[in-house]
Amino acid sequence: METQPLQQPKEYAPDILTSEMRLAELVDTNYMLLPVIERLGISLGFGEITVAEACAKYKVSTGFFLLVCNIHTYNSFMPSAKELEAIDPRELISYLHNSHEYYSNRQIPRLREKLESLVESCRTTQTGILNKFMAGYQAELFNHFRYEEETVFPYVNELASDNPPKGYSIETFEKNHDNIEEKLDDLKNIILKYLPSGCDESLRTEVLFDLYRLKDDLDKHTMMENLILIPLVSRLEKETSAR
Amino acid sequence: MSIPKKYKVVIADPSETVLSGLKEIIGRTDRLAVVEATDDYHSMRDRFPVLAPDILILNPSMVPFSPYGSFRDNGVMKDCPVVSILYHHLPANLLKGFDETVSIYDPSHTIVTKLLSVLERTAEPVQNSEDHYELTDREKEILVSVARGMMNKEIADQHHISIHTVISHRKNISRKTGIKTVSGLTIYAILNGLVDMKDIE
Numbered sequence: 011m012e013t014q015p016l017q018q019p020k021e022y023a024p025d026i027l028t029s030e031m032r033l034a035e036l037v038d039t040n041y042m043l044l045p046v047i048e049r050l051g052i053s054l055g056f057g058e059i060t061v062a063e064a065c066a067k068y069k070v071s072t073g074f075f076l077l078v079c080n081i082h083t084y085n086s087f088m089p090s091a092k093e094l095e096a097i098d099p100r101e102l103i104s105y106l107h108n109s110h111e112y113y114s115n116r117q118i119p120r121l122r123e124k125l126e127s128l129v130e131s132c133r134t135t136q137t138g139i140l141n142k143f144m145a146g147y148q149a150e151l152f153n154h155f156r157y158e159e160e161t162v163f164p165y166v167n168e169l170a171s172d173n174p175p176k177g178y179s180i181e182t183f184e185k186n187h188d189n190i191e192e193k194l195d196d197l198k199n200i201i202l203k204y205l206p207s208g209c210d211e212s213l214r215t216e217v218l219f220d221l222y223r224l225k226d227d228l229d230k231h232t233m234m235e236n237l238i239l240i241p242l243v244s245r246l247e248k249e250t251s252a253r
Numbered sequence: 004m005s006i007p008k009k010y011k012v013v014i015a016d017p018s019e020t021v022l023s024g025l026k027e028i029i030g031r032t033d034r035l036a037v038v039e040a041t042d043d044y045h046s047m048r049d050r051f052p053v054l055a056p057d058i059l060i061l062n063p064s065m066v067p068f069s070p071y072g073s074f075r076d077n078g079v080m081k082d083c084p085v086v087s088i089l090y091h092h093l094p095a096n097l098l099k100g101f102d103e104t105v106s107i108y109d110p111s112h113t114i115v116t117k118l119l120s121v122l123e124r125t126a127e128p129v130q131n132s133e134d135h136y137e138l139t140d141r142e143k144e145i146l147v148s149v150a151r152g153m154m155n156k157e158i159a160d161q162h163h164i165s166i167h168t169v170i171s172h173r174k175n176i177s178r179k180t181g182i183k184t185v186s187g188l189t190i191y192a193i194l195n196g197l198v199d200m201k202d203i204e
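So the sequences go chain by chain: L and F. Adding 10 to a residue's 1-based position in the first sequence gives its number in the working numbering. Adding 3 to a residue's 1-based position in the second sequence gives its number in the working numbering.
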């Protein structure tokens, strides 16, 4: 099987990622799906099973699985109204929640640790402020996660329950991610362009790789919220008020 | 190569002699065109949106008495760079809100150079142009103020420039460095030795 080059924004086609393909093939097509599969609750070491078989085994709906994989693979992907309608809100919330855990407990602490070692390897003392910057970024990001975990997700779960609340709408929902994204971008640019030479170069490369990867992953996470969660909530709100 | 843009200039001054002189000097360069030279401040202000100048040369004595610099705060002149024309020295607070100052004793080429440099530094960044990515000295000064935690208004006051000019400097700084947030710019300033760590807290 031929693997496709990564990170080239390819045009979405519905027949590339399918439920009949083997899970291993899917990962070969886009290895950035590895953490996605993990967050969907599917373990590696899946042998030759197909996407449909894996979904049945781990109780993930195939439609949702493919939807998430398509979002993470194609920049041009737009879910159809039919696909949106088929989503189980609780499945979506659970995925978003797992993603938050993944960033909070693994990606960010690991990046922070590597950045600290990188800063330590530099000869100048001024680079210490980078750790402070990273701490500030982390606080802002976690704050945003907390808001979603404590306010948005319970609200969506309630809307999707048998007894949804009436006449209440979450207006502050479409929160601005701009500043958080800008900070990550700034950190990348500072390390790429302005950190003086003389720091541990291999660490620097690693940190940069992690930063690019985190940025791409978080961009997709934002897309999931904008393309799926927000339309879903407005649909549920409409259904509730129509009752 | 693209044809350089011809900038529209409006001049407001009570002296007909000065108006004619400035018109003559500015007319010598093909980068600038005087679209209006008037001794009537109010009618000039009323027609400002129609005149739509790229730069205004204004005698501070024509500005109705009001808090210094307030003629820029709102209304039609908010986004247009304004240069003062002086017959004699004036204290800095009277020149609040102006982006640059020229004197009637300035050599003619100095006046033209000053006008063009105001236009260049307030111009919107040109995309994909092969311009230099080094920060100018002025941009470095603004960056230091940003790193010290100053607001746009404070920076404008300190450097005797308009808020509009401050914003345009900040845009250019971010475009050149790729750094957008204040905390990111602070790190840039520290790593480049423009400010000291102890100045920040």
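Virtual Cβ for every residue (Gly too), placed ideally from N, Cα, C.
Spatial neighbours of residue 32 of chain L in its own chain (CB-CB distance under 8 Å, excluding positions within 5 residues in sequence) are listed in chain order as 58, 59, 60, 61. Pairing residue 128 of chain L with residue 83 of chain L gives a Cβ-Cβ distance that is not under 9 Å. The alpha-carbon separation between residue 66 of chain F and residue 115 of chain F amounts to approximately 23 Å. Residues of chain F whose Cβ lies closer than 7 Å to the Cβ of residue 152 of chain L do not exist; the shortest such Cβ separation is about 16 Å. The Cβ-Cβ distance between residue 190 of chain L and residue 140 of chain L does not fall below 9 Å. Fewer than three pairs of CB atoms, one per stretch, sit closer than 8 Å, so the segment 48 to 57 of chain F makes no contact with the segment 18 to 32 of chain F. The distance from the Cβ of residue 13 of chain F to that of residue 54 of chain F is about 5 Å, consistent with a contact at the 8 Å cut-off. Taking a contact to require three or more Cβ pairs closer than 8 Å, the segment 89 to 99 of chain L and the segment 66 to 80 of chain L qualify as touching. For residue 193 of chain F, the CB contacts under 8 Å within the same chain, skipping 5 residues up- and downstream, are 150, 199, 200, 203 in chain order.
Not one beta carbon of chain F lies nearer than 9 Å to the beta carbon of residue 118 of chain L. Shown here, residue 46 of chain L sits in a helix according to DSSP, grouped into three states.
Classified as buried, residue 100 of chain F has 16 or more neighbouring CB atoms from the shown chains inside 10 Å of its CB. Cβ neighbours of residue 21 of chain L within its own chain (closer than 8 Å, five residues either side excluded): 84, 86. Nearest Cα to residue 38 of chain F within the set F/57, F/171, F/106: F/57. With a cutoff of 9 Å on beta-carbon distance, residue 242 of chain L and residue 221 of chain L are scored as not near each other. DSSP places residue 106 of chain F in the uninterrupted beta strand (DSSP E) bounded by 103 to 106. Secondary structure note for residue 35 of chain F: its beta strand (DSSP E) is the uninterrupted segment 35 to 41.
Within chain F, 193, 194, 200 have C-beta atoms less than 8 Å from the C-beta of residue 136 of chain L, given in sequence order. Scanning chain L for C-beta atoms nearer than 8 Å to the C-beta of residue 183 of chain F yields 192, 195, 196, reported in chain order.
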